[in-house]
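Okay, so here's the structure we're looking at.
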Amino acid sequence: MLPLFVAINGFLCVGLGAFGAHGLKATVAPEVMHYWHTGVRYHMFHVVALLACAFIASTCEERPRVARWAVLAACLFLLGILFFSGSLYLLVLLPKGWLGLSAAMGGVFFLLGWASLTLCVLRR
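Take 21 as the starting number for the sequence shown in this note's numbering and just add one per residue.
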């Protein structure tokens, strides 16, 4: 199941990057576009992290505790993408102040995901 999430998020990230570079250029102020680019950048970084989680989980099937840490890290990265990158995308499309809190929550999910992945690697 994790490889499917990697593929979907990779597709979405590239598509959203292209949409930001070409589709939004004429309608959004340049000073706001940095939010979009930051969202895409963190989205792509964490697609790579999801790929690592999928690889670790698939190669550690005989060690279920390690695989569970990898799956937990992947879930936290997905939540981070949703809250952090998603809120930055929405901030550009619908400028609402409360979206900053969602970005902060997403950052916490990213940190927890990296901590889980670290524990996973240490237990390997």
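For glycine and all other residues, C-beta sits at the position ideal for the given N, C-alpha and C.
Bear in mind that the values here come from a model prediction, so they are computed numbers and not experimental data.
Exercise. Helix or strand or just coil, what does DSSP make of residue 56?
Worked result: helix
Problem set entry | Own chain partners of residue 46 with C-beta closer than 6 Å, once the 5 adjacent residues on each side are dropped | none
Exercise. Which parts of the segment 73-109 are runs of the alpha helix (DSSP H), unbroken and 4 residues or longer, counting only runs that do not cross its ends?
Worked result: Runs of the alpha helix (DSSP H) spanning 4 or more residues and lying entirely within the segment 73-109 occur at 84-100, in chain order.
Problem set entry | Where residue 48 falls: helix, strand or coil (DSSP) | Coil.
Problem set entry | Where residue 115 falls: helix, strand or coil (DSSP) | coil
Exercise. Any contact of the segment 80-98 with the segment 127-136, i.e. 3+ C-beta pairs under 8 Å?
Worked result: Below 8 Å, enough C-beta pairs join the segment 80-98 and the segment 127-136 to call them touching: three or more.
Problem set entry | Three-way DSSP call (helix, strand, coil) for residue 144 in this model | coil
For this session: Consult DSSP for residue 64 and reduce its assignment to one of helix, strand or coil.
Result: helix
For this session: With residue 25 as the anchor, note down where its alpha helix (DSSP H) starts and where it stops.
Result: Run containing residue 25: 22-38, per the alpha helix (DSSP H) assignment.
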